[in-house]
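Residue numbers (our numbering), protein chains in the order written: chain S, 1 to 252; chain R, 1 to 290.
In structure tokens, the structure reads:
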């Protein structure tokens, strides 16, 4: 059994004020998998993803990236680990006043060293990677446009291109389609699936759209009140499991 | 059910009565305040009317403002500004000095305010005890600087350094640091944190996050606040001349002391024209940036 790409062990996060967002979550993500995390708002999906790349520091538990304990890393080691994990956000989180190309180039920031970190000076390789990522997401013709002039779907594609420019091994997608209309949502998920299938980039995607999760995921885990309540293949996720997760009948 | 509704109606009516009583008290207190301050300040419409002849005499200067003070003549003062050496009228000469004080004072103030504002931004600093301590220290220092009026700073510097534009620049700089570091740090506190998170997630270091994530968000606001501060500083620099801090305020005081009302009127006209031109262009630029 090869080492899982990501292993989360007893991960717990208690926020100031006492909210227990994660309650001893243990989870393995094998290399190459498209894993969807479903669950109602406030169930801890987003906290789980943010604890993995340490945008949030967990209260207890550990996160391993190919056997390396991320919770112990600091400074440069943490940043080098972060660049192996691309992140995609619900609100896209592009630097709105910068151009599309500049935004995608920021995916290369983790690779810059020394004096290059102060003044943005990207190498030819950085630029090539950025252009290739934009081309991959079929949005290269917008390279010179300011990010806030794009539609939501276009912005999310740029955000994916930024993550792709990192040459990551895994992408953490935090509700990537929650701010998009249904048609655009499917387009964005198609891109993510293609990146997963063709580039072998592992995907850990939180999503509250149950039907889409079933359609795209290799495996689904469900959360409720900070705990894992389901872990298995999408086709085993039936009405009964749905009720256990959302505490009610019916679909979104 | 209906008893519940009755109770709700009674409670709402009671709350409205309390609110009316409170508003009445506020009204009475405010009225008392106005009456006492009216007496305390010796406010007198009568004086304003009986002594209006003095004001009329000064304002009569506007009938024939002394335009010769604005036009350059062979004997008017020499204005040196870098390679520029020209004769300009006496009033423009002093008005330009006021502008010099405002420009240099604003720039020096900004140079200090920019680094200070990052240290005074709660969202960047209040993440650990040390940062929080520095944050409160800098905030307090800024409040103290702001609490001292520009005129006080001016008199302090004129007294210690001597007369001239330099103490004026110092006074304007200090005031600008206080104002701009407050405005800049508030702009930093209003940034969209998601953009910072996104760059952090790429593996960027804190400096890279500041340059690539915070910078683009706050730069337009910083430029707008800088221009606004410049507008305020033109006003301050005008007044500073009165206490010997350089610029056109000096002429304003001199002409009124020597009863030269035609000259005084000309000074006022130039000040109004200059201030309006700067306020208007600055406001136009600010609107375009944001």
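Where a beta carbon is used, it is the ideal one built from N, C-alpha and C, also for glycine.
So that I know if they touch, is there some Cβ in chain R lying closer than 8 Å to that of residue i?
i, result
"residue 82 (chain S)", "yes"
"residue 171 (chain S)", "no"
"residue 156 (chain S)", "no"
"residue 134 (chain S)", "no"
"residue 89 (chain S)", "yes"
"residue 47 (chain S)", "no"
"residue 106 (chain S)", "yes"
"residue 186 (chain S)", "no"
"residue 65 (chain S)", "no"
"residue 109 (chain S)", "yes"
"residue 224 (chain S)", "no"
"residue 95 (chain S)", "yes"
"residue 72 (chain S)", "no"
"residue 55 (chain S)", "yes"
"residue 166 (chain S)", "yes"
"residue 243 (chain S)", "no"
"residue 16 (chain S)", "no"
"residue 62 (chain S)", "no"
"residue 7 (chain S)", "no"
Please tell me whether residue i has its Cβ less than 8 Å away from any Cβ of chain S.
i, result
"residue 205 (chain R)", "yes"
"residue 128 (chain R)", "no"
"residue 40 (chain R)", "no"
"residue 217 (chain R)", "yes"
So, for residue i: in the same chain, excluding its five sequence neighbours on each side, which residues have a beta-carbon less than 7 Å away from its beta-carbon?
i, result
"residue 78 (chain R)", "85, 87"
"residue 239 (chain R)", "151, 249"
"residue 314 (chain R)", "No statement about residue 314 (chain R) is possible, as the shown extent of chain R runs from 1 to 290 and does not include it."
"residue 271 (chain R)", "238, 248"
"residue 103 (chain S)", "94, 95, 147, 158, 162"
"residue 124 (chain R)", "118, 188"
"residue 131 (chain S)", "140"
What does a CB cutoff of less than 6 Å around residue i pick up in its chain, not counting 5 residues either side in sequence?
i, result
"residue 72 (chain R)", "87, 88, 89"
"residue 164 (chain R)", "246"
"residue 35 (chain S)", "29, 204, 219"
"residue 264 (chain R)", "61, 255, 256"
"residue 222 (chain S)", "38, 39, 229, 230, 245"
"residue 292 (chain R)", "Residue 292 (chain R) falls outside the range modelled here, since chain R spans only 1 to 290, and no answer is possible."
"residue 175 (chain S)", "90, 206"
"residue 43 (chain S)", "223, 224"
In terms of residue numbering, what span does the beta strand (DSSP E) encompassing residue i cover?
i, result
"residue 81 (chain R)", "78 to 81"
"residue 20 (chain S)", "20 to 29"
"residue 226 (chain S)", "From DSSP, residue 226 (chain S) is part of no beta strand (DSSP E); its letter is neither H nor E."
"residue 9 (chain S)", "6 to 14"
"residue 166 (chain R)", "Run containing residue 166 (chain R): none in the beta strand (DSSP E); it sits in the alpha helix (DSSP H), 165 to 189."
Within the same chain, show all residues whose beta-carbon is closer than 8 Å to that of residue i, passing over the 5 residues directly before and after it, in chain order.
i, result
"residue 230 (chain R)", "102, 103, 106, 278, 282"
"residue 252 (chain S)", "Because residue 252 (chain S) carries a pLDDT of 40, less than 50, the predicted location of this residue cannot be relied on, and the following value inherits that uncertainty. Counting only Cβ-Cβ distances below 8 Å, and skipping sequence neighbours, we find 208, 209, 210, 211."
Is residue i helix, strand or coil by DSSP?
i, result
"residue 167 (chain S)", "coil"
"residue 236 (chain S)", "helix"
"residue 99 (chain S)", "strand"
"residue 87 (chain R)", "strand"
"residue 60 (chain S)", "strand"
"residue 110 (chain R)", "helix"
"residue 204 (chain R)", "coil"
"residue 75 (chain R)", "coil"
"residue 206 (chain S)", "strand"
"residue 243 (chain S)", "helix"
"residue 192 (chain R)", "coil"
"residue 231 (chain S)", "strand"
"residue 220 (chain S)", "strand"
Going by DSSP, what residue range makes up the alpha helix (DSSP H) through residue i?
i, result
"residue 53 (chain R)", "52 to 59"
"residue 29 (chain R)", "2 to 40"
"residue 37 (chain S)", "Element bounds for residue 37 (chain S): not the alpha helix (DSSP H) but the beta strand (DSSP E), 34 to 38."
In chain A, which residues lie with their C-beta within 7 Å of the C-beta of residue i?
i, result
"residue 98 (chain S)", "Chain labels in this structure do not include chain A; the protein chains are S and R."
Using a threshold of 7 Å, is the CB atom of residue i nearer than that to any non-hydrogen atom of the ligand SAH?
i, result
"residue 206 (chain S)", "In the structure on display, the ligand SAH does not appear, and there are no ligands present to speak of."
**OP:** Using a Cβ-Cβ cut-off of less than 8 Å, list which residues of the stretch 195 to 211 of chain S approach chain R; keep chain order.
**Re:** none
**OP:** Identify each residue in the stretch 181 to 212 of chain R for which the Cβ-Cβ distance to at least one residue of chain S is less than 7 Å, and report them in chain order.
**Re:** 194, 195, 197, 198, 199, 200, 201, 202, 203, 204, 205, 207, 208, 211, 212
Original post:
Got a sec: which bits of the stretch 135 to 148 of chain S sit with their beta carbon under 8 Å from any beta carbon on chain R, in order along the chain?
Top reply: none
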